[in-house]
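Take a look at the structure below.
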Amino acid sequence: MAAPMALTRNMCSFARIFVGISQLGTRNLSVYRDRRSCKLIRSHLQLTSSTSFHTGTVLSSTPSSITVTDEPDALFQKVSVLVKGHDRAVLDSYEFFATMAAKELGITLGKVFEPPKNIERLTLLKSIHIFKKHRVQYEMRTHYRCIELSQITGSTAQVYLEYIQRNLPEGVAMEVSKTAIEKVPQHILEPMWKDQPTDDKSSQ
Amino acid sequence: MAAHTSKAFLSLGRINGPGLGFHNSLTRVTYATALSTTNSTGNKGFPDRGNRGAFVRKPRREAGEPRTEKMAVNQDWTAVYSAAAPFKPGSVPLPVRMGYPVKGGVPPEKKGNLELIKIPNFLHLTPAAIKKHCEALKPFCTEWPSALDTEATLDEHFPIKLESTDYISAGTSVRNPSARIVHLKVKLSRLNLDDHARKKMLRLVGDRYCKDTDILTIRADSCPLRQQNYEYAMYLLTVLYHESWKTESWEAERTAADMDEYSWEDSPSQKNILDTLAHMKMAGEGEGEAVREELLGRPEVQEYRDSVMRLKNEGESESSMHQYREAVKKVLNL
């Protein structure tokens, strides 16, 4: 049997996010084309009806057409994924998953390291009234894990981050810092006063 | 099998899991309840009240043997755990034990073990599953352009760097107000600025410029959306650039105290050294502008000029004081 249920679900959600789902002749999706300039990679999916894993449904997981558009892809010099959780073992497993996914998708990994944990401690009164000498202490431990990806394109980053975030375990938070790089915009290449020597006070 | 080793790794990691804040309650095995298989055949619930169609519950079926007995060793694990699901002891064919051991005993078994259900499991993300997912995701990825392999080429063609952060956490809201902040970093050497424009730009931005790395950082956080902050940051950069090329009429009123760097020309130091040298040579030649010009052209005077400028601009240090000393000795022929 081919890819399981979760894969279908993941693919469906990917498709919903992309603007306009182009579809060539299957029943369930509506034909819709976005004529505006905002175009991204679109995919074509086929939904299956049965979802039981005993029957071994055959579903075509490969889309029949992926359209690539002319809009230039964003470029990220560095994408830093910091995950925070209370359980170090969960973060270990998640790091294994994230690094393996990056390797499979062909993303260059930068550093993968563990920032030191942070323990917040509280000392509270044990009783609701008096008994000042009897207290109870709590602590909250936050473990961190940082995975840095370098030189990644916008589409790949979107795919990878969505995959990672959908499989984020319960009780784990994430911060993603992206450094996008851009060319110097056209209007900053030359000063605008060069052609207007007499007009010093021209407003923009 | 790879799936088993990863799960064994997971189970090993989690046996040490709970220990914080739990006191002696774990010595009692109250949380790990074994299902009682009572043989209660016949009608449960209310007893028959005299043939009046009493409420009869369906006879309870016996639970069969768990699925793990019927699993083949080479089965497709991605079909068993295809999505994130809680730990089901009847579906995971591993002899996992978790929890604080009974006194003189072992951690409790997996059947009816709440600890195994509580923690997140990665049974749906075995290496085989990850490979399958990535195979399906591959067509949506694009390659990094091969021409941009070094940092230098990146800086040359794409000098503007925009940093922003996304936050994901569990809570009542998906929004995080810190996600609107945008940092725009650009090296001033990559912008088309002449000398005056660069100095004016540095005055305009103040603290936002780092001299060591030559990077101007603009932090935009005044708008509620990231797109707005990005546009504002680009607008600020554009305005700074064009304003720094402008020369206002009042810029001509700069005094010596406003200058960024010390310049030796028309300074008291120049006057003093020329007066001193002219007095020394008074006997030899006549006075006048020509003498001063000639004095200025001399290499010792130039050296003196360099050392004074270095002292004033870079501050006092061992080497700069030494240079000044040598220059003075040469000029005054000591």
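Chains B and H, in that order, are what the protein sequence lines are. Take 103 as the starting number for the first sequence in the numbering used here and just add one per residue. Take 260 as the starting number for the second sequence in the numbering used here and just add one per residue. Note that beta-carbon positions come from the ideal geometry of N, C-alpha and C, so glycine has one too.
In the structure shown, the three-state DSSP call for B/K186 is strand. At a cut-off of 9 Å, the C-beta of H/E512 has no neighbouring C-beta in chain B. For B/M202, the three-state secondary structure derived from DSSP is helix. Around H/C393, the beta-carbon contacts reaching into chain B at under 7 Å are A203, E206, L207. In summary, the residues of the region 394-406 of chain H whose CB is separated from some CB of chain B by less than 9 Å are E394, A395, L396, K397, P398, F399, C400, T401, E402, W403, P404, in the order they occur in the chain.
Distance from the CA atom of H/D453 to the CA atom of H/L463, rounded to whole angstroms, is 15 Å. Think of a sphere of 7 Å around the beta carbon of H/P386: the chain B residues whose beta carbon falls inside it are M202, in chain order. By the Cβ criterion, the region 463-477 of chain H is in contact with the region 432-452 of chain H, since at least three pairs of Cβ atoms, one from each stretch, lie closer than 8 Å. Listed along the chain, the chain H residues whose CB falls inside 7 Å of the CB of B/F199 are F381, L384, I389. In this structure, the CA atom of H/L499 is about 20 Å from the CA atom of H/A511. Under the Cβ distance rule, B/V214 does not count among the residues neighbouring chain H, no pair being separated by less than 9 Å.
Spatial neighbours of H/S526 in its own chain (CB-CB distance under 8 Å, excluding positions within 5 residues in sequence) are listed in chain order as A515. The beta carbon of H/H455 sits no closer than 9 Å to any beta carbon of chain B. For the region 408-422 of chain H, the set of positions with a beta-carbon nearer than 7 Å to some beta-carbon of chain B reads L413, H416, F417, P418, I419, K420, L421, E422 in chain order. Considered as a whole, the region 428-501 of chain H harbours 454-464 as its complete alpha helix (DSSP H) runs of no fewer than 4 residues, in chain order. Each residue's CA atom was taken as its position, placing H/C469 and H/A492 some 18 Å apart.
B/Q179 is the residue among B/D172, B/E173, B/Q179, B/P174 whose C-alpha sits nearest the C-alpha of H/P418.
In this structure B/T258 touches H/T401 by the C-beta definition: roughly 6 Å separates them, less than 8 Å. Between the alpha carbons of B/L207 and H/W403 lies a distance of about 12 Å. Boundaries of the alpha helix (DSSP H) harbouring B/A259: 256-268, taken from the DSSP string. Going by C-alpha positions, B/M294 is about 24 Å away from H/N488. Contact between the region 230-250 of chain B and the region 364-371 of chain H is absent: fewer than three C-beta pairs spanning the two stretches fall below 8 Å.
A residue is called buried once 16 or more other Cβ atoms fall within 10 Å of its Cβ, and H/W336 is buried on that count. Residue contact with chain H for B/S279: present (Cβ-Cβ distance below 9 Å to some residue of chain H). Relative to H/P386, the option among B/R243, B/A200, B/L177 whose CA is nearest is B/A200.
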